[in-house]
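K.L.:
When we follow the UniProt record's numbering, the leftmost residue of the sequence shown carries the number 5, and every step to the right adds one. All C-beta atoms, glycine included, are put in the ideal place defined by N, C-alpha and C. Please read all numbers here as calculations on a predicted model, not as lab measurements.
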Amino acid sequence: TKTVRLAVIPGDGIGPEVVAATVPTLRAALEADGHRLDVTELDWGGERFLREGAAMPANAADLVKHSDAVLFGAVGRPDVPEHELIWGLIIGLRQQLDLAVNIRPVRAFPGVPTKVRDTDGVDLVIVRENTEGEYVGAGGVAHAGSGHDLGIEVAVHSRRAIERAAHQAFALAGRRSGRLCLVTKSNAMRYGYPLWDRVVREIGAQYPEVELETVLVDAMAARMIQAPRSLDVLLTSNLFGDILSDLAAVLAGGMGMAPSANVPPGADVPGIYEPVHGSAPDIAGKGVANPVACLLSGALLLDDLGHTGAAGRIREAVGDALRDARNHTADLGGNATTADVSAAVLHALEGRR
Ligand code: NAD
Ligand code: MN
5 TKTVRLAVIP GDGIGPEVVA ATVPTLRAAL EADGHRLDVT ELDWGGERFL
55 REGAAMPANA ADLVKHSDAV LFGAVGRPDV PEHELIWGLI IGLRQQLDLA
105 VNIRPVRAFP GVPTKVRDTD GVDLVIVREN TEGEYVGAGG VAHAGSGHDL
155 GIEVAVHSRR AIERAAHQAF ALAGRRSGRL CLVTKSNAMR YGYPLWDRVV
205 REIGAQYPEV ELETVLVDAM AARMIQAPRS LDVLLTSNLF GDILSDLAAV
255 LAGGMGMAPS ANVPPGADVP GIYEPVHGSA PDIAGKGVAN PVACLLSGAL
305 LLDDLGHTGA AGRIREAVGD ALRDARNHTA DLGGNATTAD VSAAVLHALE
355 GRR
């Protein structure tokens, strides 16, 4: 018997709703293998910001360091400045824990309707560098209010960060199809993306079993819609990964279907597992959010902790539930509630013991 020590940050909006639909499933999947789940819930997020002036405590990383993993819902509320929650919580915590690589799988489940045609069998993974590029916060504003205002945003790409993401991506591609696609924009950009091309090719020499292809991001956007089955593992920068993963999610039914893992650099640090979507204030409090993105994030979490059997059964149970349109939430064109989906997945999991 092993005990998984899980720190849970439900956050704001639909965050707590999808997390509540996920934790019992994680527990059931672990208990079926004779293990235990020990949950520590943390009340970080918008409400805490309004109450205490900060979305999380200053020593947040220390508080989760002794957990095996962190399950995060979402943050964001209309009455709190965005950066207080995005930088003040989720990006801040990723940085404190040095979680530089974000893994975003996209898989089309049979029976789930999509806005894009012919997505059967789509099964790809985006490996996104998670700390640098256009998101470093370097730059400033010049000549403010002069009528000639300049907003300057400096993108920074380091060899170290590219190498870390590349190793994750090559290793993952080696376990999957043996094909890796690097997505850059090195025809128009002169310093950052050419460095990506160079470093990734170098790292590739250590993975002779993986075939490397390089595609420009604009061409990739078109290919993702026109030939999504030609894709397996994609490696890309922070900005392109952000954009392409929302696009890819559409191939699986939308934001409600997209999980992610912020993978830890070593076993002594917990990873953060979270749906790609935000707090969805437009549907929060109604009990209709799709919990699948969060459930699949839980499966990624169990995979990384070595509970691959339990993780696989959660994915199969999600697939079982989604084959029945009565378990589709409104984003998938159905009228199931979050609790309906959660119950259907738990039920399917029971059947797979
Ligand atoms: P969003 O992902 O919250 O919502 C976009 C659209 O998708 C909305 O129409 C929403 O209803 C729908 N949607 C999202 N998740 C869904 C689900 N599980 N089931 C059904 N429908 C779902 O993005 P947004 O509207 O741009 O942002 C809302 C807030 O969330 C903002 O404050 C933003 O900063 C924040 N945000 C947080 C994170 C995060 O916590 N990691 C990520 C993205 C956005
Ligand atoms: Mn995004």
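Between which two residues does the alpha helix (DSSP H) harbouring residue 322 extend?
P.N.:
First-last of the alpha helix (DSSP H) with residue 322: 312-326.
K.L.:
With H, G and I counted as helix, E and B as strand and the rest as coil, what does DSSP make of residue 287?
P.N.:
Coil, per DSSP.
K.L.:
Where does residue 19 fall in DSSP's three states?
P.N.:
Here residue 19 sits in helix by DSSP.
K.L.:
Return helix, strand or coil for residue 53, following the three-state DSSP convention.
P.N.:
It is helical.
K.L.:
What is the rounded straight-line gap between the Cα of residue 33 and the Cα of residue 172?
P.N.:
So the alpha carbons of these two residues sit roughly 26 Å apart.
K.L.:
Just to confirm my understanding: we take residue 139, look at its own chain, exclude 5 residues before and 5 after, and list those with CB closer than 6 Å. What are they?
P.N.:
Excluding residues within five positions, the ones whose Cβ falls inside 6 Å are 242.
K.L.:
Taking the straight line between their C-alpha atoms, what separation do you get for residue 63 and residue 328?
P.N.:
Distance between the alpha carbons of residue 63 and residue 328 is about 45 Å.
K.L.:
How many angstroms separate the CA atom of residue 112 from the CA atom of residue 43?
P.N.:
One C-alpha to the other measures close to 30 Å.
K.L.:
Ignoring anything shorter than 3 residues or poking outside the region 192-259, list the beta strand (DSSP E) runs there in chain order.
P.N.:
With a minimum length of 3 residues, the continuous beta strand (DSSP E) runs that stay inside the region 192-259 are 215-220 and 237-240.
K.L.:
What number of angstroms, rounded off, separates the C-alpha of residue 313 from the C-alpha of residue 40?
P.N.:
Going from the Cα of residue 313 to the Cα of residue 40 covers about 15 Å.
K.L.:
Quick check on residue 27: does DSSP put it in helix, strand or coil?
P.N.:
Here residue 27 sits in helix by DSSP.
K.L.:
State yes or no: is the C-beta of residue 296 within less than 9 Å of the C-beta of residue 280?
P.N.:
Not closer than 9 Å, so no.
K.L.:
Looking at the structure shown, is residue 300 part of a helix, part of a strand, or coil, going by DSSP?
P.N.:
Note: residue 300 maps to helix in three-state DSSP.
K.L.:
Examine the ligand NAD and report whether any of its heavy atoms sits within less than 8 Å of the Cβ of residue 24.
P.N.:
No, the ligand NAD has no heavy atom inside 8 Å of this Cβ.
K.L.:
Leaving out five residues on either side along the sequence, give the residues of the same chain with a beta carbon under 7 Å from the beta carbon of residue 213.
P.N.:
Around residue 213: 178 and 182.
K.L.:
Please state whether the Cβ-Cβ distance between residue 298 and residue 237 is less than 9 Å.
P.N.:
Contact: no.
K.L.:
Rounded to the nearest angstrom, what separates residue 300 and residue 291 at their Cα positions?
P.N.:
Cα to Cα, residue 300 sits roughly 19 Å from residue 291.
K.L.:
Taking its Cβ as the centre, do 16 or more other Cβ atoms sit within 10 Å of residue 161, making it buried, or is it exposed?
P.N.:
Looking at its Cβ environment, which holds 16 or more other Cβ atoms inside 10 Å, residue 161 is buried.
K.L.:
Whole angstroms is fine: what's the gap from residue 96's alpha carbon to residue 204's?
P.N.:
Roughly 27 Å separates the two Cα atoms.
K.L.:
Please classify residue 194: is it buried, with 16 or more other beta-carbons within 10 angstroms of its beta-carbon, or exposed?
P.N.:
With fewer than 16 Cβ atoms within 10 Å of its Cβ, residue 194 is classed as exposed.
K.L.:
Just curious, the alpha helix (DSSP H) that residue 88 is in, first and last residue?
P.N.:
Element bounds for residue 88: 86-89.
K.L.:
Should residue 89 be counted as a contact of the ligand NAD given a C-beta to heavy atom distance under 8 Å?
P.N.:
Yes, the ligand NAD has a heavy atom inside 8 Å of this Cβ.
K.L.:
Would you say the region 66-86 touches the region 19-28, given that touching needs at least three Cβ pairs under 8 Å?
P.N.:
Judged by Cβ distances under 8 Å, the region 66-86 makes contact with the region 19-28, as three or more pairs qualify.
K.L.:
My output table needs one value for residue 184: the three-state DSSP class, helix, strand or coil.
P.N.:
Here residue 184 sits in strand by DSSP.
K.L.:
Would you give the residue range spanned by the alpha helix (DSSP H) that residue 96 belongs to?
P.N.:
Residues 96-100.
K.L.:
Considering only the beta carbon of each residue, do residue 267 and residue 107 sit closer than 9 Å?
P.N.:
In this structure, residue 107 lies closer than 9 Å to residue 267 by Cβ.
K.L.:
Cα separation between residue 248 and residue 13?
P.N.:
So the two alpha carbons sit approximately 26 Å from each other.
K.L.:
Exposed or buried, residue 81, counting other C-beta atoms within 10 Å across all chains shown (16 or more means buried)?
P.N.:
Burial call: buried.
K.L.:
Which residue from 100, 232 and 215 puts its Cα closest to that of residue 223?
P.N.:
Taking only the C-alpha atoms, the option nearest residue 223 is 232.
K.L.:
Apply the 10 Å Cβ neighbour rule to residue 50 and answer buried if 16 or more other Cβ atoms are within range, or exposed otherwise.
P.N.:
Per the 10 Å Cβ criterion, buried.
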